[in-house]
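**Student:**
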Amino acid sequence: MQKRTVQRGRPAGSTTFDAELAQAFGAAVRALRTERGIAQETLANLAGVERSHMGKVERGEHQPTLSLIFKIAGALGCSTTVLMAEAEDRLGQPGTILTKTEDQ
């Protein structure tokens, strides 16, 4: 019997970045931030990240870690449930990128 080799991590060339999800999450963060009258730099400071990094999150250029999602929610004064529900509501809305399967 041949022994299988188990590789750790993602297969070569694969990615976990999902542009549609990242943009929906970023739009939710921006909407909640502006609704609360919080400047982007202030939100970044409250969440403990650089302002440029927060900008990338809001533009959907960066998909935040679970830890950062909790920090952003805390900085916005809401639960992660509220933040994620806002993001989910924005999936597929104008301004978000559709995945290839949805384009067809």
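Position 80 (the sequence shown) corresponds to 80 in full-length UniProt numbering; numbering is contiguous. Cβ atoms here follow ideal geometry from the backbone N, Cα and C, with glycine treated the same way.
(1) Give a yes or no on whether the C-beta atoms belonging to R90 and A39 are separated by under 7 angstroms.
(2) Please specify which runs of the beta strand (DSSP E), each continuous and at least 3 residues long, are wholly inside the UniProt domain "HTH cro/C1-type" (29–83), giving them in chain order.
(3) Distance check for T15 and G37, CA to CA, integer angstroms please.
(4) Consult DSSP for F17 and reduce its assignment to one of helix, strand or coil.
(5) Decide if E102 is buried, meaning its Cβ has at least 16 other Cβ atoms within 10 Å, or exposed.
**Tutor:** Looking at the coordinates:
(1) no
(2) none
(3) 35 angstroms
(4) coil
(5) Low per-residue confidence applies at E102: pLDDT is 44, beneath 50, and the placement is therefore not dependable enough to give any value.
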